[in-house]
Amino acid sequence: MAEFTVHGRAAEEPASGDEFAELYGGDVGYVVRREVEVAGVSRGDGDSVLMAGEDDDVVEVEDTDGIVTFYRAATLAGLARGGTPGPPDVTGLLDRRTRGEGARIASVRRSKVTLPPGVENAVRELDSVFGPELTRSGAGLVAGKLSGFVLSPVARKAVETITSWVDAPVADDADEAVRRRKPKVRGVYEVDAKLLLERPGRREQPPPGGEDPYLVLLHGTFSHTEAAFGKLRGTREWERIVDRYEGRVLAVEHATLGRTPAQNALDVVATLPEAPLHLVSHSRGGLVGEVLSCAARYDLPLDAYASAPEHPDRAALPLLHQALRDRGIRVERFVRVACPAMGTTLASGRIDRWASFLFNVFQLVPVLRETGMAALVKKFLLTMLEQRTDPRVMPGLEAQMPESPFLRTLLAAPPLDDGLASIAGDVQGRGVLNRLLVSGADLFYGEDHDFVVPTSSMSGGVGRTGSRRAFFQGPWVNHGGYFANEDSRQALENWLAGHGAQAFDEAPPPRWPVKRGEAGEVTGQVLLVPDLFGSTLACGDQLVWPDLARLVSRGPETVLTGRDGVPGALVDGYSVLESALGTRHELTPWRYDSRRGLDELAA
Numbered sequence: 010m011a012e013f014t015v016h017g018r019a020a021e022e023p024a025s026g027d028e029f030a031e032l033y034g035g036d037v038g039y040v041v042r043r044e045v046e047v048a049g050v051s052r053g054d055g056d057s058v059l060m061a062g063e064d065d066d067v068v069e070v071e072d073t074d075g076i077v078t079f080y081r082a083a084t085l086a087g088l089a090r091g092g093t094p095g096p097p098d099v100t101g102l103l104d105r106r107t108r109g110e111g112a113r114i115a116s117v118r119r120s121k122v123t124l125p126p127g128v129e130n131a132v133r134e135l136d137s138v139f140g141p142e143l144t145r146s147g148a149g150l151v152a153g154k155l156s157g158f159v160l161s162p163v164a165r166k167a168v169e170t171i172t173s174w175v176d177a178p179v180a181d182d183a184d185e186a187v188r189r190r191k192p193k194v195r196g197v198y199e200v201d202a203k204l205l206l207e208r209p210g211r212r213e214q215p216p217p218g219g220e221d222p223y224l225v226l227l228h229g230t231f232s233h234t235e236a237a238f239g240k241l242r243g244t245r246e247w248e249r250i251v252d253r254y255e256g257r258v259l260a261v262e263h264a265t266l267g268r269t270p271a272q273n274a275l276d277v278v279a280t281l282p283e284a285p286l287h288l289v290s291h292s293r294g295g296l297v298g299e300v301l302s303c304a305a306r307y308d309l310p311l312d313a314y315a316s317a318p319e320h321p322d323r324a325a326l327p328l329l330h331q332a333l334r335d336r337g338i339r340v341e342r343f344v345r346v347a348c349p350a351m352g353t354t355l356a357s358g359r360i361d362r363w364a365s366f367l368f369n370v371f372q373l374v375p376v377l378r379e380t381g382m383a384a385l386v387k388k389f390l391l392t393m394l395e396q397r398t399d400p401r402v403m404p405g406l407e408a409q410m411p412e413s414p415f416l417r418t419l420l421a422a423p424p425l426d427d428g429l430a431s432i433a434g435d436v437q438g439r440g441v442l443n444r445l446l447v448s449g450a451d452l453f454y455g456e457d458h459d460f461v462v463p464t465s466s467m468s469g470g471v472g473r474t475g476s477r478r479a480f481f482q483g484p485w486v487n488h489g490g491y492f493a494n495e496d497s498r499q500a501l502e503n504w505l506a507g508h509g510a511q512a513f514d515e516a517p518p519p520r521w522p523v524k525r526g527e528a529g530e531v532t533g534q535v536l537l538v539p540d541l542f543g544s545t546l547a548c549g550d551q552l553v554w555p556d557l558a559r560l561v562s563r564g565p566e567t568v569l570t571g572r573d574g575v576p577g578a579l580v581d582g583y584s585v586l587e588s589a590l591g592t593r594h595e596l597t598p599w600r601y602d603s604r605r606g607l608d609e610l611a612a
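Counting from 10, one number per residue, gives the positions in the sequence shown under the numbering used here.
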């Protein structure tokens, strides 16, 4: 029993009506044990409130900016435990951590989370594979080369169980208020100016073909059509777009964790029209568009999957190519918005840390707050909290990693002529959004980004004989804001109408990312790769390399071979070289992670 105390004022009735409890509380079994208000309560006025429960309870600590940090109860109690008997007080520990980010604790909530038995067993199975006491070569997991891992049948089944449960769509007859904020039953839907997915609009057969193009919408990870494209609804640009296509507007609702982009495309190819397609994608949906366009023209080789004999794309890619060719489907125009076309970093292998950051983005960025995406991420996060599961075992996430065989296959394909125009952005934070930049996204990506996807990745992908790019930058630019902003909506409309050169520039070739804050005239670009152990390593907020004392106290073997440490800047010995190179070049110091294989790093 992991007990601890918090100094504050206990809520008489713990909150139970938040968005997550409303949308997924029944699925997960989410019961708030106790909630303590800390903000505004002085030491003299408050009480030492006991928060008791089980070791696996989830503790949600919200600061005065609204940013939430998730802990397992036993872990939090262990961090705060001193030499005195009795339950430790966590107030000081949490206050120091939030003050370090420029805020203070607002509230602490402890909840009992109960997963369905099948899902709980699957999580336990993965924990036995990825637990800190085991190596990657044991317990049914074999480290592969560039393409990832080979899982045992039992572990693979566990992944399928978890992803199918998290990806599960809402029932057609669900309450309207709930249904609008959750992913719908998978398939191809007809949509109109209202941009709502309804059961009568779900296609069982392909719509009529012909020479007139169809517009197809493709959403991203943890999202759904109404969440991704909802801000188009009611705009003049969207109304004109719908009028132009005269009823030929479709949306693809697809699973984003348990299926690869190639599988997503294969799942719906039979219900796409035999007609030219104009695609509009958001985020990971762009990878579905990439493989649709590429596989319609080329029978892609599977060389990149050589070390992954069980990878689902080995079957999906040839079948997709054949189906597209048999039905004469081709991509004629493509507007790709904020696509991770060259991959995106997923929290240095700690999937729960990445999901925790996404949760805060989706609940604090105004245009994302009403979509229900934060609640879905929380469902995933509570399932995987403190799991050391590598994101590469989840097919939908693995495809977005720079070293994935999927991206390497696309990048090696011959150039396409599919009228691609990319919309890219770079967020500039203000207020709490700036805190998200400093505490999360800038640390994950180390370059310009829109909170979720690196800006440089948005203009990469399959080579094109000709392509265009529109770039937007500012505090209003973020991963959920492209369709809310008039300038990017106008660029979208112009390109679909065939006169997009007014809003788009020639797309620049992909280049190495450049860190924020660097300025001045430059004559070239330098990627500075340090020697072994040439990057700092941090565990939480503590530097453990090259701080030998902390390294020894934490255990060198645990730190240097485990997954908890996060590589950072180059060690001080490189400062003179960095300074000299940075005066004339765009300098990117590589965060060399000595725990990863050289072939993986090279990818």
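Note that CB positions come from ideal geometry on N, CA and C, so glycine has one too.
Status (buried if at least 16 other CB within 10 Å, exposed otherwise) for residue i
i    : result
A3   : No answer is possible for residue 3: the residues shown for the chain start at 10 and end at 612.
N369 : buried
E248 : exposed
L541 : exposed
L557 : exposed
H458 : buried
P539 : buried
R382 : First, the amino acid is wrong: residue 382 is Met here, not Arg. Buried is the call here.
A479 : buried
M351 : buried
D66  : buried
S365 : buried
H508 : exposed
Short Cβ contact (8 Å threshold) for residue i with residue j
i    : j    : result
L373 : L445 : yes
V45  : V15  : yes
L391 : V132 : no
S466 : P576 : no
L206 : V261 : no
R342 : L505 : yes
V535 : L590 : yes
R118 : D104 : no
Q214 : T280 : yes
V376 : K240 : yes
F139 : Q409 : no
G483 : G267 : no
T567 : F415 : no
A271 : A313 : no
E340 : L301 : For the record, residue 340 in the displayed sequence is Val; it is not Glu. Yes, these two residues count as a Cβ contact at 8 Å.
F460 : H488 : yes
R477 : L425 : no
V436 : V486 : yes
Distance between residue j and residue i (C-alpha atoms, nearest Å)
i    : j    : result
C303 : G469 : 14 Å
H594 : T353 : 24 Å
R308 : G337 : Note that residue 308 corresponds to Asp in the displayed sequence, not to Arg. If you take the alpha carbons of D308 and G337, they lie about 14 Å apart.
T123 : Y39  : 7 Å
R90  : P125 : 32 Å
A264 : N273 : 7 Å
G153 : G475 : Low confidence applies to G153: its pLDDT is 33, below 50, so where it sits in the model is not reliable enough to give any reading.
D581 : S562 : 22 Å
S116 : L59  : 14 Å
L607 : G533 : 26 Å
R189 : D427 : 33 Å
D201 : T100 : 52 Å
K387 : D184 : 21 Å
P141 : P400 : Confidence at P141 is low in this model, with a pLDDT of 46, below 50, so its placement is unreliable and no value can be given for it.
E28  : A177 : 17 Å
L379 : A237 : With the sequence shown as reference, residue 379 is identified as Glu, and Leu is not the correct amino acid for it. Distance between the alpha carbons of E379 and A237: 11 Å.
S292 : A20  : 40 Å
CB-CB length for residue i against residue j, believed under 8 Å
i    : j    : result
K203 : H233 : With 8 Å as the limit, K203 and H233 do not qualify as a contact, their Cβ atoms being about 15 Å apart.
V50  : R18  : 5 Å
R306 : G455 : So it is not a contact: roughly 35 Å between Cβ atoms.
P598 : L579 : 5 Å
S222 : A284 : What sits at residue 222 in the sequence shown is Pro, not Ser. Right, their Cβ atoms sit about 6 Å apart.
The ligand MG heavy atom lying under 7 Å from the CB of residue i
i    : result
G239 : Although the ligand MG was asked about, the structure shown includes no ligands whatsoever.
Any chain D beta carbon closer than 8 Å to residue i
i   : result
L85 : Looking at the structure shown, chain D is missing, and only one protein chain is on hand.
**Study point:** Complete runs of the alpha helix (DSSP H) confined to the segment 199–238 [at least 4 residues]
**Key:** The alpha helix (DSSP H) runs of length 4 or more contained entirely in the segment 199–238 are, from start to end of the chain, 234–238.
Check your understanding: Unbroken beta strand (DSSP E) runs of length 3 or more, entirely within the segment 327–414: which are they?
Key -> Those beta strand (DSSP E) runs which fall completely within the segment 327–414 and span 3+ residues are 339–346.
Point to revise | Those runs of the beta strand (DSSP E) which lie wholly inside the segment 544–596 and span at least 3 residues | key: Runs found: 544–548, 551–554 and 575–579.
Practice item. Pick out the complete beta strand (DSSP E) segments inside the segment 86–139, 3 residues or longer, and give them in chain order. Key: If we require 3 residues or more, the beta strand (DSSP E) runs fully inside the segment 86–139 come out as 114–122.
Point to revise | Segments assigned beta strand (DSSP E), at least 3 residues, entirely inside the segment 176–201 | key: DSSP runs (the beta strand (DSSP E)) wholly in the segment 176–201: 196–199.
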